[in-house]
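Trainee:
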Amino acid sequence: MIYRRKLYNVAPSIVLDFNETLLPTQLKYGARLVGRWMTPETNGVVEIFAIWEYDSFEEYEAIESKVRSDEEHIKRVQNWYKKWGGRENLKEVFFKVEQDFVENTVAGGSTWK
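Residue numbers (the working numbering): 11 to 123.
1) Using a Cβ distance threshold of 8 Å, determine whether the segment 23–38 contacts the segment 74–90, with at least three qualifying pairs required.
2) With DSSP as the reference, identify every bridge partner of Gln36, one or two as the case may be.
3) Could you round the C-beta distance between Phe104 and Val20 to whole angstroms and report it? I think they count as a contact, below 8 Å.
4) Where do the N-terminal and C-terminal ends of the beta strand (DSSP E) with Trp47 fall, by residue?
5) Below 8 Å, how does it come out for the segment 30–41 and the segment 59–74: are there three or more Cβ pairs, yes or no?
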């Protein structure tokens, strides 16, 4: 198993819209959401981060390829860009986007109980 950690620092004004636009297609193609959290607003910034689980890096790549070629998803994202005045304007509400991959350090992959 591998885990992808995705982090966004965004303006509070985009949080609800952001959460509803991108999540459904990831799930449609088999990405397993471990959890998605956000911090309270601090100085005009909300941090949203998610942990996704995949059987392998190859599975992650296959799912991402399907997401990027999904016509319904492409339309939804393009409409979302238009709603916010174009993709170039997203820098006004997206301050940071990062992603990395992490491994479980608990023997056997289970969690503590």
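Every residue, glycine too, gets a C-beta built ideally from N, C-alpha and C.
Mentor: Checking against the coordinates, here is how it stands:
1) Yes: at least three Cβ pairs fall under 8 Å.
2) Under DSSP, Gln36 shares a beta bridge with no residue.
3) Confirmed, Cβ separation roughly 6 Å.
4) Start and end: 42–48.
5) Touching, yes.
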